[in-house]
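Engineer: Just add 15 to wherever you are in the sequence shown, counting from 1, and you've got this note's numbering. Beta carbons: idealized from backbone N, C-alpha and C, even for Gly. Just so it is clear, the structure is predicted and the values come from calculations on it, not from any experiment. Below: one structure in structure tokens.
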Amino acid sequence: MVELGVLVKGTLPHPLKKLDDGSVVPDVSYEELHEFNQRNVLDQIELAVEAEQLGYEFVMHPENHFYLLAHNSPTPLQVQAAVAARTDRIRLVQMANILPWNDPLKLSERLGMLDVLSDGRVEVGIGTGDGPREYGLFRHYWQQPSGESDDAWQGFVEKFEIMREAWTTGAVSYDGDVHRIPPPDFEYRNDLELAYLEEVSDRDPGEFIREADAGSTVLEGVSVFPRPKQDPHPQFWKPISSVEAAEWAAEHGVNGCARCMDFEATSTLIDAYYAAAEDAGWPDHRETDDGEPFRFGWDADRRRGMAVQVPIFNTDVASEAAFERWKLGRECAQSFYRGRLPDDQAADFTVDAQAEIEDNDAPIVGDAAHVAAELETLIEVCGCRDIALVPIVDVIGLRYEDKLEQLAAFVDEVVPRLGTEPAGSPTR
Numbered sequence: 016m017v018e019l020g021v022l023v024k025g026t027l028p029h030p031l032k033k034l035d036d037g038s039v040v041p042d043v044s045y046e047e048l049h050e051f052n053q054r055n056v057l058d059q060i061e062l063a064v065e066a067e068q069l070g071y072e073f074v075m076h077p078e079n080h081f082y083l084l085a086h087n088s089p090t091p092l093q094v095q096a097a098v099a100a101r102t103d104r105i106r107l108v109q110m111a112n113i114l115p116w117n118d119p120l121k122l123s124e125r126l127g128m129l130d131v132l133s134d135g136r137v138e139v140g141i142g143t144g145d146g147p148r149e150y151g152l153f154r155h156y157w158q159q160p161s162g163e164s165d166d167a168w169q170g171f172v173e174k175f176e177i178m179r180e181a182w183t184t185g186a187v188s189y190d191g192d193v194h195r196i197p198p199p200d201f202e203y204r205n206d207l208e209l210a211y212l213e214e215v216s217d218r219d220p221g222e223f224i225r226e227a228d229a230g231s232t233v234l235e236g237v238s239v240f241p242r243p244k245q246d247p248h249p250q251f252w253k254p255i256s257s258v259e260a261a262e263w264a265a266e267h268g269v270n271g272c273a274r275c276m277d278f279e280a281t282s283t284l285i286d287a288y289y290a291a292a293e294d295a296g297w298p299d300h301r302e303t304d305d306g307e308p309f310r311f312g313w314d315a316d317r318r319r320g321m322a323v324q325v326p327i328f329n330t331d332v333a334s335e336a337a338f339e340r341w342k343l344g345r346e347c348a349q350s351f352y353r354g355r356l357p358d359d360q361a362a363d364f365t366v367d368a369q370a371e372i373e374d375n376d377a378p379i380v381g382d383a384a385h386v387a388a389e390l391e392t393l394i395e396v397c398g399c400r401d402i403a404l405v406p407i408v409d410v411i412g413l414r415y416e417d418k419l420e421q422l423a424a425f426v427d428e429v430v431p432r433l434g435t436e437p438a439g440s441p442t443r
């Protein structure tokens with residue numbers, strides 16, 4: 016069984032140009048960049064709405080900030096709220112909310128609202144982030160540690176724990192190395208709240224407010240409203256790019272999502288995830304499922320396991336011009352990566368889409384039969400007949416209609432060749 020997801024990264028459809036040094040950049044003015052970013056907000060929503068009609072089961076939106084020459088998706092929850100209002104079935108995954116850049120209580124509130132608005136379709140992606148500009152700016156604002164420090168990882172773990180507590184307890188009270196909620200000895204007085212807690216509620220008032228010296232009161236716990244519709248809370252996800260990340264996710268009942276460029280490397284991550292889940296006793300956020308093994312690859316009934324993102328381009332349905340736009344888009348992404356490298360490393364880095372195709376298992380480029388055959392190889396290498404596949408068609412410079420054409424062809428021309436039907440049923 017194949018369950019289909021779609022990644023909507025928010026890449027801009029502007030024209031591109033190649034510079035003399037081989038780098039690829041947008042061929043638009045700075046003001047036009049703003050116009051393309053505005054248009055792209057609406058395109059992200061439309062593509063997700065169309066994906067439901069095509070039969071995709073879930074959509075993923077990332078969180079990215081401040082990029083001059085790459086995709087920006089600063090508030091995936093707002094985009095997904097708009098998607099929720101226009102869809103009935105497709106599930107809403109953030110890949111991912113970058114926890115070091117978010118307040119855990121505020122994020123818990125926003126996710127709870129989205130889960131209510133979507134009638135329980137939210138799945139919560141959490142990540143650590145890797146953008147040096149984003150980390151530098153948000154660290155400056157909030158005095159947080161840098162992304163590469165042990166304190167940053169500890170902060171990520173604590174935010175994850177705070178979010179779970181916000182959704183499963185009466186009031187959040189957390190004393191960690193990085194976070195203390197509420198702040199120590201935070202004086203707070205509201206006689207009406209205290210009267211409600213003492214005379215009406217079924218909770219111990221001491222969970223929320225504690226009497227202190229000289230008749231003052233201290234805030235002991237914080238209530239988060241609304242709770243998500245899903246009980247006890249939505250499923251968590253995490254991007255997986257290392258064995259250590261796979262093991263952490265599995266040990267905490269968190270789904271994983273791997274970006275595939277090499278089939279064997281992806282298989283290693285999936286194996287590590289399931290081995291760690293088994294060793295940890297198959298943890299799950301639902302009491303009824305906690306301790307129960309889930310299917311290898313992807314368990315669609317429980318929505319548990321690992322998803323695999325694979326960049327693809329189907330040449331059957333694309334014009335030659337669209338294929339050229341796609342290749343330039345890949346080279347623009349390569350150029351952006353090269354631009355972050357030290358001079359000695361940048362000198363050895365090649366910007367070449369064709370070389371990328373030839374040197375890696377993915378991107379998978381070719382006609383529908385070739386794309387399907389390569390995906391069959393991926394499934395065989397990973398050893399999982401049940402798989403959650405996320406074809407990546409979102410590339411800088413590719414137009415909205417190009418992306419939609421690729422998504423439709425994947426359902427119509429590629430998936431039937433895999434020998435199994437997608438979990439969703441097209442409604443178009």
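Are residue 407 and residue 308 close, meaning C-beta to C-beta below 8 Å?
Structural biologist: No, these two residues do not count as a Cβ contact at 8 Å.
Engineer: Three-state secondary structure (DSSP) at residue 88?
Structural biologist: In the structure shown, residue 88 sits in a strand (DSSP, three-state: E or B).
Engineer: Compute the Euclidean distance between the alpha carbons of residue 116 and residue 240, then round it to the nearest angstrom.
Structural biologist: Roughly 21 Å separates the two Cα atoms.
Engineer: Do residue 405 and residue 107 come within 8 Å of each other at the CB atom, strictly closer than that value?
Structural biologist: Not closer than 8 Å, so no.
Engineer: Below 8 Å on the Cβ atoms is my guess for residue 313 versus residue 403; work out the distance and round it to an integer in Å.
Structural biologist: Their Cβ separation, rounded to whole angstroms, is 4 Å, which keeps residue 313 and residue 403 in contact under 8 Å.
Engineer: Who are the Cβ neighbours of residue 71 in its own chain at under 7 Å, not counting the five residues just before and after it?
Structural biologist: Counting only Cβ-Cβ distances below 7 Å, and skipping sequence neighbours, we find 19, 20, 21, 105, 439.
Engineer: Write down every uninterrupted run of the beta strand (DSSP E) in the region 89-172 whose length is 3 residues or greater and which is fully enclosed by it, in chain order.
Structural biologist: Runs found: 106-109, 137-142.
Engineer: Note down, in chain order, each residue of its chain lying with its Cβ closer than 7 Å to the Cβ of residue 244, except the 5 sequence neighbours on either side.
Structural biologist: For residue 244, where only same-chain residues beyond five positions count, the Cβ hits under 7 Å are 130, 131, 134, 135.
Engineer: Over the uninterrupted beta strand (DSSP E) stretch that includes residue 232, give me the two end residues.
Structural biologist: Residue 232 -> beta strand (DSSP E) spans 232-234.
Engineer: Over the uninterrupted alpha helix (DSSP H) stretch that includes residue 342, give me the two end residues.
Structural biologist: Here the alpha helix (DSSP H) through residue 342 covers 335-354.
Engineer: Would you mind sorting residue 219 into buried or exposed? The rule is 16 or more other CB atoms within 10 Å of its CB.
Structural biologist: It is exposed - the Cβ of residue 219 has fewer than 16 other Cβ atoms within 10 Å.
Engineer: In angstroms with no decimal places, state the Cα-to-Cα distance between residue 441 and residue 428.
Structural biologist: With a pLDDT of 41 at residue 441, under the threshold of 50, the predicted position of this residue should be treated as unreliable, though the coordinate-derived value follows. The straight-line gap from Cα to Cα measures roughly 13 Å.
Engineer: Cutting at 6 Å between CB atoms, please list the residues of its own chain near residue 33, excluding the five before and the five after it.
Structural biologist: Correct list, in chain order: 39.
Engineer: What I want to know is whether the C-beta of residue 376 ends up closer than 7 Å to one or more non-hydrogen atoms of the ligand SAM.
Structural biologist: Annotation note on the ligand SAM: not contained in the displayed structure, which lists no ligands.
Engineer: Taking DSSP as the reference, what is the three-state secondary structure of residue 27?
Structural biologist: Reduced to three states, the DSSP call for residue 27 is coil.
Engineer: Would you give the residue range spanned by the beta strand (DSSP E) that residue 22 belongs to?
Structural biologist: 17-22 is the extent of the beta strand (DSSP E) around residue 22.
Engineer: Given this structure, state the Cα-to-Cα distance separating residue 324 from residue 409, to the nearest angstrom.
Structural biologist: For residue 324 and residue 409, the distance between alpha carbons rounds to 12 Å.
Engineer: State the beta-bridge partners of residue 404 as determined by DSSP.
Structural biologist: Bridge partners of residue 404: 19, 323.
Engineer: DSSP three-state label for residue 294, please.
Structural biologist: If DSSP states are grouped into helix, strand and coil, residue 294 belongs with the helices.
Engineer: With burial defined as no fewer than 16 other Cβ atoms inside 10 Å of the residue's Cβ, what is the status of residue 334: buried or exposed?
Structural biologist: Per the 10 Å Cβ criterion, exposed.
Engineer: Quick test of your reading: residue 110 and residue 75, contact by CB under 8 Å. State the CB separation rounded to the nearest angstrom.
Structural biologist: Between residue 75 and residue 110 the Cβ distance is about 4 Å, and since that is below 8 Å, they are a contact.
Engineer: Only counting the same chain, and skipping five residues up and downstream in sequence, which positions put a Cβ closer than 6 Å to that of residue 82?
Structural biologist: No residues qualify anywhere along the chain.
Engineer: For residue 443, count neighbouring C-beta atoms within 10 Å of its own C-beta (all shown protein chains included) and say buried if the count is 16 or more, exposed if not.
Structural biologist: Any answer about residue 443 is weak, because its pLDDT of 35 lies below 50 and its placement is not dependable; what the coordinates show is given next. By the 10 Å Cβ count, residue 443 comes out exposed.
Engineer: Beta carbon of residue 263, beta carbon of residue 138: below 8 Å?
Structural biologist: Result no, Cβ atoms of residue 263 and residue 138 do not sit closer than 8 Å.
Engineer: In this structure, does DSSP put residue 269 in helix, strand or coil?
Structural biologist: DSSP places residue 269 in coil when its eight states are reduced to three.
Engineer: By alpha-carbon positions, which one of 202, 176, 184 ends up nearest to residue 191?
Structural biologist: The residue with the shortest Cα to Cα distance from residue 191 is 176.
Engineer: Just to confirm my understanding: we take residue 321, look at its own chain, exclude 5 residues before and 5 after, and list those with CB closer than 6 Å. What are they?
Structural biologist: Around residue 321: 271, 285, 288.
Engineer: To the nearest angstrom, how far is it from the Cα of residue 62 to the Cα of residue 431?
Structural biologist: One C-alpha to the other measures close to 22 Å.
Engineer: Please state the DSSP three-state secondary structure of residue 221.
Structural biologist: Residue 221: helix per DSSP, three-state reduction.
Engineer: Could you check whether residue 101 and residue 56 sit closer than 8 Å to each other, using their CB atoms as the reference points?
Structural biologist: No; because the gap between Cβ atoms is not below 8 Å, this pair is not in contact.
Engineer: According to DSSP, is residue 242 part of a helix, a strand, or is it coil?
Structural biologist: Coil.
Engineer: Answer with buried or exposed for residue 445, where buried requires no fewer than 16 other C-beta atoms within 10 angstroms of its C-beta.
Structural biologist: Not covered by the structure: residue 445. The range shown for the chain is 16 to 443.
Engineer: Would you mind listing the alpha helix (DSSP H) stretches within the region 356-441 that are 4+ residues and don't spill past its ends, in chain order?
Structural biologist: Runs of the alpha helix (DSSP H) inside the region 356-441: 358-361, 368-374, 383-397, 415-424.
Engineer: Alpha carbon to alpha carbon, how far is residue 77 from residue 88?
Structural biologist: Each residue's alpha carbon lies about 6 Å from the other.
Engineer: Taking the Cβ atom as the reference point for each residue, do residue 366 and residue 330 lie within a distance shorter than 8 Å?
Structural biologist: No; because the gap between Cβ atoms is not below 8 Å, this pair is not in contact.
Engineer: Which value, in whole angstroms, describes the spacing of the CA atoms of residue 15 and residue 359?
Structural biologist: Here the chain covers residues 16 to 443 and nothing more, so residue 15 does not appear.
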